[in-house]
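For reference, the structure is listed below as structure tokens.
2 protein chains.
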Amino acid sequence: MKTLQLDLGDRGYPIYIGSDLLDCGALYAKHVRGRQVVLVSDSTVSALYGRRVAGALSDFQPVSITFAAGESSKTLDTYARLADELIDRRCDRGVTLVALGGGVVGDITGFLAATYHRGVDFIQVPTSLLAQVDSSVGGKTGVNRPGGKNLLGAFYQPRCVLADTGALRTLPRRELVAGVAEVIKYGLIADVEFLSWVEQHIDALLAGDDSALQHAVYHSCRIKADVVAADEREAGRRALLNLGHTFGHAIEAATGYSEWLHGEAVGLGMVMAAQLSCRMGKLDGDSVHRIVSLIERAGLPVRLPASIGTADLLRLMAGDKKVLDGRQRLVVLDAVGQGVVVEGVSQGLLSEVIDGCREGN
Amino acid sequence: MKTLQLDLGDRGYPIYIGSDLLDCGALYAKHVRGRQVVLVSDSTVSALYGRRVAGALSDFQPVSITFAAGESSKTLDTYARLADELIDRRCDRGVTLVALGGGVVGDITGFLAATYHRGVDFIQVPTSLLAQVDSSVGGKTGVNRPGGKNLLGAFYQPRCVLADTGALRTLPRRELVAGVAEVIKYGLIADVEFLSWVEQHIDALLAGDDSALQHAVYHSCRIKADVVAADEREAGRRALLNLGHTFGHAIEAATGYSEWLHGEAVGLGMVMAAQLSCRMGKLDGDSVHRIVSLIERAGLPVRLPASIGTADLLRLMAGDKKVLDGRQRLVVLDAVGQGVVVEGVSQGLLSEVIDGCREGN
Numbered sequence: 003m004k005t006l007q008l009d010l011g012d013r014g015y016p017i018y019i020g021s022d023l024l025d026c027g028a029l030y031a032k033h034v035r036g037r038q039v040v041l042v043s044d045s046t047v048s049a050l051y052g053r054r055v056a057g058a059l060s061d062f063q064p065v066s067i068t069f070a071a072g073e074s075s076k077t078l079d080t081y082a083r084l085a086d087e088l089i090d091r092r093c094d095r096g097v098t099l100v101a102l103g104g105g106v107v108g109d110i111t112g113f114l115a116a117t118y119h120r121g122v123d124f125i126q127v128p129t130s131l132l133a134q135v136d137s138s139v140g141g142k143t144g145v146n147r148p149g150g151k152n153l154l155g156a157f158y159q160p161r162c163v164l165a166d167t168g169a170l171r172t173l174p175r176r177e178l179v180a181g182v183a184e185v186i187k188y189g190l191i192a193d194v195e196f197l198s199w200v201e202q203h204i205d206a207l208l209a210g211d212d213s214a215l216q217h218a219v220y221h222s223c224r225i226k227a228d229v230v231a232a233d234e235r236e237a238g239r240r241a242l243l244n245l246g247h248t249f250g251h252a253i254e255a256a257t258g259y260s261e262w263l264h265g266e267a268v269g270l271g272m273v274m275a276a277q278l279s280c281r282m283g284k285l286d287g288d289s290v291h292r293i294v295s296l297i298e299r300a301g302l303p304v305r306l307p308a309s310i311g312t313a314d315l316l317r318l319m320a321g322d323k324k325v326l327d328g329r330q331r332l333v334v335l336d337a338v339g340q341g342v343v344v345e346g347v348s349q350g351l352l353s354e355v356i357d358g359c360r361e362g363n
Numbered sequence: 003m004k005t006l007q008l009d010l011g012d013r014g015y016p017i018y019i020g021s022d023l024l025d026c027g028a029l030y031a032k033h034v035r036g037r038q039v040v041l042v043s044d045s046t047v048s049a050l051y052g053r054r055v056a057g058a059l060s061d062f063q064p065v066s067i068t069f070a071a072g073e074s075s076k077t078l079d080t081y082a083r084l085a086d087e088l089i090d091r092r093c094d095r096g097v098t099l100v101a102l103g104g105g106v107v108g109d110i111t112g113f114l115a116a117t118y119h120r121g122v123d124f125i126q127v128p129t130s131l132l133a134q135v136d137s138s139v140g141g142k143t144g145v146n147r148p149g150g151k152n153l154l155g156a157f158y159q160p161r162c163v164l165a166d167t168g169a170l171r172t173l174p175r176r177e178l179v180a181g182v183a184e185v186i187k188y189g190l191i192a193d194v195e196f197l198s199w200v201e202q203h204i205d206a207l208l209a210g211d212d213s214a215l216q217h218a219v220y221h222s223c224r225i226k227a228d229v230v231a232a233d234e235r236e237a238g239r240r241a242l243l244n245l246g247h248t249f250g251h252a253i254e255a256a257t258g259y260s261e262w263l264h265g266e267a268v269g270l271g272m273v274m275a276a277q278l279s280c281r282m283g284k285l286d287g288d289s290v291h292r293i294v295s296l297i298e299r300a301g302l303p304v305r306l307p308a309s310i311g312t313a314d315l316l317r318l319m320a321g322d323k324k325v326l327d328g329r330q331r332l333v334v335l336d337a338v339g340q341g342v343v344v345e346g347v348s349q350g351l352l353s354e355v356i357d358g359c360r361e362g363n
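Sequences listed follow chains A and B, in order. Start counting the first sequence at 3; every next residue gets the next number (the numbering used here). Start counting the second sequence at 3; every next residue gets the next number (the numbering used here).
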């Protein structure tokens, strides 16, 4: 097991990375301050790992509550139902919530922890690659609204993150691939050496090789922890983590959050960001080719289907959370391994970039 | 105009207290960092003061959104509707919300500010005495659930509080009286000299005398700001502000949050807390008499009606937010002007205290 520390003063916490951590009762117990523990999970993950985690927490006689798996559950309705279950079970300010699952479980449980009785402890136990390398680390929590993803939420840090790469053995290949998108992102924005490692080990990652996965999770979390420690509330540098995400969120929204996985949309979004960087004279054609090749080798989409309209994407991008006072901010690349935030990109240029990524082009 | 500073480092802010501050555009402008301003209010206050405040904010061309007045609006449904209005109007992370109204408006707007795009700026413009002396200061925000008040929320501080005592001229007498309950509370927990002043000026306060109101608001906010600065997230001393509130919340819940105003329930709750303090040997009979007399002179209820059952109150008290890890914490008085938190009060004693406060006893 390896341990990283996210350095945020009295809100700092460890990220544990290893195999078969799910069963390690002592790891959880170290971070439970009260007597009540509630395990929150979705229907799929609960069936796979609920019993093991409940067993590891048996000293606390944990209650388990679950909701239907999928992004469509990430709503205020699910949040309200979970809150009412805590109320019915007389959970008080001393309760610790354990979020067992992927990004949806972590985000909604984190938001519940941030707001139940104005804030209770929670522990992240991410079981998807995407959650292990991204959503479980850094304290972004929230739910979706019909008008956009994560529009209601809070910055709220867990007491620890317990990333068990063994849990990835049951992850559907499509979700593993989606998680690789975020792994690639870290290399692209901050660490060309790590990107080269990903290029060399992409087949091992996709085959579910545990040692490769541990390496990828560790370095992804290392980069993320560095960025978050420097800018917890995304006043500046943290925005780099959104490479491909403004495009990606718009793709997800345009397709009703049901067709594309987040990582898939981010994969194509990074292709668009690379093309935009090239059009802005920041990145040469070879670098764009290198990036697109890796994203394609990972099995991620690199072309926009005709069913998604350019005007729709532009409109959805303008409503993105990263817009500040009407100024749209986008992450582009100054070089492979070096992300940068830019403002004032024209709608005409964005439109050209999007059209340039269409199928057939 | 007088100014107090709530000292919370980079989350600290000024509390402005005076007459006719509502129109003072420069005061608002000092605390608006972006270009978008949204005025949130309820139907009653919006009709009275919406136009004046919108006028003072005219440089920002504020949008106004309102909801039906009353505690029954303090729900996740109202919160979701307000959020969707912000989304529809393309409000981004640079928006400043202005909460114009009483406690319900401040609490729900504060929660919206805490969570919209994971946190935007907001300004409190409290228009009830209760909101001016209590709920607008200190960053407690939230909404109710069927199982209890304020069970979902956040600690989230405004950029400033603008308490215009002139706005109290239109406040219904019953609500003015309810606000006086919290004014009395500050004297009881922390400042016997201020309590004596309240005893001497209770008639002026109830008559709406502006100079008396400004004095009461100023000193109430001074005491609250001191307590909150020492313990923002209620790990210890801040719990003193809940004198009478565990009893009071249970009374409100037992009557469906519709019959009793919060301040009325707190008034009777403080009578119960005083009686409990006496039964615990902390307060003598004369002090209890002094406290009950003042609460009665203020026009607040000091007797529990037969329609509210003791067992129901005890059950509701056990679900209170101040319960930690199953241990019920209550605020009692070591002396007039000196609150203290105690644990482990027996259900039998609580039952006797409640029955002792019944009509006819």
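The beta carbon of each residue, even a glycine, is placed where N, CA and C say it ideally should be.
Identified DSSP bridge partners for residue i
i        : result
Leu332/B : Val344/B
Gly155/A : Gly144/A
Phe124/B : Leu99/B
Ile67/B  : Val42/B
Ala165/A : Ile19/A
Where residue i meets chain B, residues with beta-carbon distance less than 9 Å
i        : result
Gly121/A : Gly155, Ala156, Phe157, Arg235
Ile89/A  : Arg147, Pro148, Gly149, Gly150, Leu153, Gly321
From the options, residue whose alpha carbon lies closest to that of residue i
i        : options                                : result
Leu315/B : Pro160/B, Ala214/B, Ala255/B, Glu177/B : Ala255/B
Thr46/A  : Ile19/A, Asp9/A, Gly103/A              : Gly103/A
Asp9/B   : Gly140/B, Pro128/B, Pro307/B, Leu178/B : Gly140/B
Lys378/A : Tyr118/A, Asp44/A, Cys162/A, Gly328/A  : The displayed coordinates of chain A run from 3 to 363. Any statement about residue 378/A would go beyond what the structure contains.
Glu345/A : Thr312/A, Leu242/A, Leu263/A           : Leu242/A
Gln216/B : Gln134/B, Val163/B, Leu285/B           : Gln134/B
Arg292/B : Gln277/B, Leu306/B, Arg281/B, Met282/B : Gln277/B
Arg171/A : Leu50/A, Arg235/A, Gln349/A            : Leu50/A
Ser227/A : Ala320/A, Leu245/A, Arg331/A, Val163/A : Note on identity: in this sequence residue 227/A is Ala, with Ser being the wrong assignment. Looking at the Cα atoms, Val163/A is the closest of the given residues.
Val273/B : Val355/B, Asp322/B, Asp336/B           : Val355/B
Phe62/B  : Leu296/B, Arg35/B, Ala71/B, Gln159/B   : Arg35/B
Gly258/B : Gln38/B, Asp94/B, Gly150/B             : Gly150/B
Glu73/A  : Leu197/A, Ala214/A, Asn152/A, Ser348/A : Asn152/A
Gly105/B : Thr129/B, Gly20/B, Leu84/B             : Thr129/B
Contact set between residue i and chain A, taken where Cβ atoms lie within less than 9 Å
i        : result
Thr111/B : The contacting residues do not exist; Thr111/B stays about 14 Å from chain A at best.
Gly11/B  : None at all; the shortest Cβ gap to chain A is about 12 Å.
Lys142/B : Arg120
Arg92/B  : Ala320, Gly321, Val325, Gly328
Residue-chain proximity (residue i, chain C), Cβ-Cβ < 8 Å
i        : result
Lys151/A : This model lacks chain C altogether; the protein chains it does include are A and B.
Residue i versus residue j - alpha carbon distance
i        : j        : result
Val40/A  : Ile225/B : 37 Å
Met3/A   : Phe69/B  : 53 Å
Gly265/B : Asp193/A : 58 Å
Val219/B : Arg176/B : 18 Å
Pro16/A  : Val97/A  : 20 Å
Glu195/B : Gly189/B : 7 Å
Ser66/A  : Val185/B : 43 Å
Ser137/A : Thr248/A : 16 Å
Lys284/B : Leu245/B : 15 Å
Thr143/A : Met319/B : 31 Å
Bounding residues of the beta strand (DSSP E) (the contiguous stretch that carries residue i)
i        : result
Ile310/A : Note, Ile310/A: premise wrong, no beta strand (DSSP E); not H, not E.
Ala101/A : 98–103
Tyr18/A  : 15–20
Ser43/A  : 39–44
Ala85/A  : From DSSP, Ala85/A is part of no beta strand (DSSP E) but of the alpha helix (DSSP H) over 78–90.
Partners in chain B for residue i, counting only beta-carbon separations shorter than 7 Å
i        : result
Arg331/A : Per Cβ cutoff of 7 Å: no residues; Arg331/A is ~10 Å from chain B at best.
Ala116/A : Ala156
The ligand NAP heavy atom lying under 7 Å from the CB of residue i
i        : result
Glu236/B : The ligand content of the structure shown is nil, which means the ligand NAP is not present either.
Partner residues on chain A for residue i, Cβ-Cβ distance less than 7 Å
i        : result
Leu368/B : Outside the displayed range of chain B (3 to 363) lies residue 368/B, so it cannot be described from this structure.
Arg239/B : Correct list: empty, because the minimum Cβ distance to chain A is about 16 Å.
Beta-carbon neighbours of residue i, restricted to chain B and to distances below 8 Å
i       : result
Ala85/A : Arg147, Leu153, Leu154
Endpoints, alpha helix (DSSP H) assigned at residue i
i        : result
Thr5/B   : Where Thr5/B is concerned, there is no enclosing alpha helix (DSSP H), although the beta strand (DSSP E) it sits in stretches over 4–8.
Gly355/A : Note on identity: in this sequence residue 355/A is Val, with Gly being the wrong assignment. Its alpha helix (DSSP H) spans residues 349–358.
Ala267/B : 264–281
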